[in-house]
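Going down the list, the protein sequences come from chains A and B.
Counting from 1, one number per residue, gives the positions in the first sequence under full-length UniProt numbering.
Counting from 1, one number per residue, gives the positions in the second sequence under full-length UniProt numbering.
Every residue gets a Cβ at the ideal spot worked out from N, C-alpha and C, and that includes glycine.
It should be emphasised that the depicted structure is a prediction, and the values quoted were computed from it without experimental measurement.
Input: a single structure, listed below in structure tokens.
Protein chains: 2
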Amino acid sequence: MIFRSHMHLALDEARAAAARGEVPVGAVVVSPAGEVLARAGNRTRELNDPTAHAEMLAIRTACARTGSERLTGCDLYVTLEPCPACAAVISAARIARLYYGAADPKSGGVAQGPRIFSHPQAHHVPEVYDGIASDDAADLLKDFFAARR
Amino acid sequence: MIFRSHMHLALDEARAAAARGEVPVGAVVVSPAGEVLARAGNRTRELNDPTAHAEMLAIRTACARTGSERLTGCDLYVTLEPCPACAAVISAARIARLYYGAADPKSGGVAQGPRIFSHPQAHHVPEVYDGIASDDAADLLKDFFAARR
């Protein structure tokens, strides 16, 4: 299935992030035609930038590439439930479908906490599909944090 | 009062944004010693970047300048109530005090909608002071949108 291979790209980005000492989360933006427009992993530590989450970097790259602040019709694959900031940017960028892996009870903003897409202040609500390859994504995170203790 | 002059800097950034054809919102980050670390206005259109809100740009610049992904003890002044994405980044950056001008019922994420700071997924909650020079900030926005109709 197409979405599996896109999530595998996102998992590759998460693994690359872990190898850089970053929390292993990866994201991929796919155009309506199925082209991978951008792929990114977390770089908050490397860039000293609290906004350098995988989702935000991938969305910013895809926007720069398409010359638009909106990614209408595009899909986002991310290995972990987006935080509230990323969820709000996903809405602002008009992402059509959000596919994510593991749930994030501690910091997530889609299915818990502020539930960004459930308020009228979210001017666009993507279709949301959770639990995609979630064991792989969760294992990456567990291994990363276990190795740092 | 110090916070008035910092908000006036933020209003100057909002005016400069309007002159560039951007929604007029401005933000300033101030260090614990009172130094202006960064000032920015919206640049979403110029940069084709849905994350290029005044608050995010100012926080990213201040983080780059201080070499840290956290701005512990710093204050943020912004002319409009932050959106959910910016509010979540303000929390992630450990901003100590948030001063804002006009309320934003349509897109705000602090005092309405997702109320980002009211959930346990916000790992840091700043002190929040609203209504600072709010008439000036609101007038800028009204004039901007009236001129575009």
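Within 7 angstroms of any Cβ in chain B, is that where the Cβ of residue i sits?
| i | result |
| --- | --- |
| A:T51 | yes |
| A:G67 | yes |
| A:M1 | Low confidence applies to A:M1: its pLDDT is 49, below 50, so where it sits in the model is not reliable, and the reading given next is rough at best. No - not a single Cβ of chain B is within 7 angstroms of the one on A:M1. |
| A:R60 | yes |
| A:P84 | yes |
| A:H119 | yes |
| A:V89 | yes |
| A:A92 | yes |
| A:S107 | yes |
Whose C-beta lies closer than 7 angstroms to the C-beta of residue i among residues of the same chain, with five residues either side of it excluded?
| i | result |
| --- | --- |
| A:R45 | G21, E22 |
| B:T61 | A38, A40 |
| B:P50 | T44 |
| B:A111 | E81, A103, D130 |
Quick check on the DSSP output: the alpha helix (DSSP H) that includes residue i runs from which residue to which?
| i | result |
| --- | --- |
| A:V89 | 84-92 |
Taking 8 angstroms as the limit between beta carbons, can you name the residues of its chain near residue i, skipping five residues before and five after?
| i | result |
| --- | --- |
| B:R115 | G109 |
| B:A88 | G109, I116, A122 |
| B:G67 | none |
When you compare the CB of residue i with every CB in chain A, is at least one pair closer than 7 angstroms?
| i | result |
| --- | --- |
| B:S134 | no |
| B:G113 | yes |
| B:N42 | no |
| B:M56 | yes |
| B:I116 | yes |
| B:S31 | no |
| B:C74 | no |
Where does residue i sit, in a helix, a strand or coil, going by DSSP?
| i | result |
| --- | --- |
| B:T61 | helix |
| A:T44 | helix |
| A:V148 | For the sequence presented, residue 148 of chain A should be read as Arg rather than Val. The answer is helix: DSSP assigns A:R148 an H, G or I state. |
| B:R20 | coil |
| B:A137 | helix |
| B:A33 | coil |
| B:R70 | coil |
Terminal residues of the continuous beta strand (DSSP E) containing residue i?
| i | result |
| --- | --- |
| A:L80 | 75-80 |
| B:A52 | Segment: none, B:A52 is in no beta strand (DSSP E) and carries neither H nor E. |
| A:V128 | 127-129 |
Return the chain-ordered list of same chain residues with a C-beta closer than 6 angstroms to the C-beta of residue i, the five sequence neighbours on each side being excluded.
| i | result |
| --- | --- |
| B:A18 | P24, F144 |
| B:Y129 | Y99 |
| A:T72 | R94 |
| A:E55 | A27, V78, P82, C86 |
| B:M7 | Y77, I132, A133 |
Under 9 angstroms Cβ-Cβ, which residues of chain D neighbour residue i?
| i | result |
| --- | --- |
| B:R20 | The structure shown contains no chain D; its protein chains are A and B. |
Return the chain-ordered ranges of every beta strand (DSSP E) run that is complete within the stretch 92-125 of chain B and spans a minimum of 3 residues.
97-102
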